[in-house]
Structures are given as structure tokens and as C-alpha cells.
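Student: So that we are looking at the same thing, I have put the structure below in C-alpha cells.
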Amino acid sequence: MSSPKSNARHVALQGLYQWQITGQNLQEIVQQFENDPETPKYHKAYFELLLTGVVDKLGELDDAIGEFTTRGIEKIDPIEKAVLRLGSYELMFKPEVPYRVAINESINLAKSFGSEKSHAYVNSILDKLAKKHRSVEIKAKAKGKKKTS
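The sequence shown: position 94 = 95 (our numbering), numbered continuously.
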């Protein structure tokens, strides 16, 4: 059983994918998930924050992802693109979410919804993005490990 926040990411990924494919209004997508009895228990506010946040910051996110991929953003598989946008959003705009959590949650989403090698591709890009946007946190974590070992 996943946590409500993990489920919010899961539902946000589905909503983002739907938005990418159909261009549907975000509020309609939000309503659709709220009204669907099949939707797992999820943190509604976090789901809405992720969905609207990714769409609001789309240009910045795509530029950041584009920096670390050889393919153009438009050539990335739609599921991988949605996972990368979600993970990038958390890494760049949700500093209260530990970088490892953002990356691991994205990897799990890629394993669940993407192709066989999606998770490795997502991991490599988000890892580079984390080094750029979360370098202070990564260095602090590395220092903490040296003290305990």
C-alpha cells in the first residue's frame, strides 16, 4: 500500500499524461480523478499542486530536462516525459521533498508505467538535474555519511 503522497504522484502522472495527449482543461482532469471510485486514496492538494505546478513551469522544466538529454523533449516517450516533468518539478520547486525521494518516486513511476528501460533513463536525467539544482543538499548528505562511517 502506497502513501497518500506517493498516490498523489501516481495520479498526477496519469493526469499529466492525459493533459499532454489531449490538451484537456486541468480542472476537468482534477474532477475526473476526484469522481472516479477506482482512484486510489491520494493527497488531493498535493496532486493538484503537482499537476498545476508542472503545467505552470513547463518551459523551465523542459529546458532543464533538455539540458541532460540528447533527444529533443518532443522526441521523448510521452510517459517518460510526464515522469521527467514531475520529478524535475519536485527537484526544482519543492525543496522540502528530499532529492532522493523525488528521484526514487519517479523511478518507481517509470517502472510501473514506462517501457522496460524507462527507469534507467529517468534516473540518469534526474540524477544530473539533482546535482545541478540540489548540490547543497547532496553535499550535506555526503558529509553526513562520512561522519557516521
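Note that CB positions come from ideal geometry on N, CA and C, so glycine has one too.
Treat the numbers as computed from the prediction; the structure is a model and nothing was measured.
The alpha helix (DSSP H) that contains ASN26, what's its start and end?
Tutor: Taken as a continuous stretch (DSSP letters only), ASN26 belongs to no alpha helix (DSSP H), as it is neither H nor E.
Student: How is the alpha helix (DSSP H) around GLU81 delimited, first residue to last?
Tutor: Here the alpha helix (DSSP H) through GLU81 covers 79–94.
Student: Closest to GLU35 by CA distance: which of THR23, SER89, GLN15, SER125 is it?
Tutor: GLN15
Student: If contacts are defined as beta-carbon pairs under 8 Å, then PHE114 and ILE80 qualify, I think. What distance do you get, rounded to the angstrom?
Tutor: 5 Å
Student: So, with DSSP's three-state summary, where would you put HIS44?
Tutor: coil
Student: Distance check for SER89 and LYS76, CA to CA, integer angstroms please.
Tutor: 17 Å
Student: Since ILE104 and ASP128 should fall inside the 8 Å C-beta cutoff, what is the C-beta to C-beta distance between them, to a whole number of angstroms?
Tutor: 7 Å
Student: If you run the structure through DSSP and keep just helix, strand and coil, what is THR53?
Tutor: In the structure shown, THR53 falls within a helical segment according to DSSP collapsed to helix, strand and coil.
Student: Keeping to the same chain, check which residues put their C-beta closer than 7 Å to that of ALA131; ignore five residues upstream and five downstream.
Tutor: If we look at ALA131 and ignore the five residues flanking it on each side, its Cβ neighbours are LEU92, TYR100, ILE104, ILE139.
Student: With DSSP as the reference, label ASP37 as helix, strand or coil.
Tutor: coil
Student: Start and end of the alpha helix (DSSP H) containing ARG101?
Tutor: For ARG101, the enclosing alpha helix (DSSP H) covers residues 100–114.
Student: Please go through the same chain and pick out, in chain order, the residues whose beta-carbon is closer than 8 Å to the beta-carbon of VAL165, but skip the five residues on each side of it.
Tutor: In the structure as shown, the chain begins at 2 and stops at 150. Residue 165 is therefore absent and cannot be evaluated.
Student: Looking at THR70: is its Cβ nearer than 7 Å to the Cβ of ILE108?
Tutor: No, they are not a contact pair.
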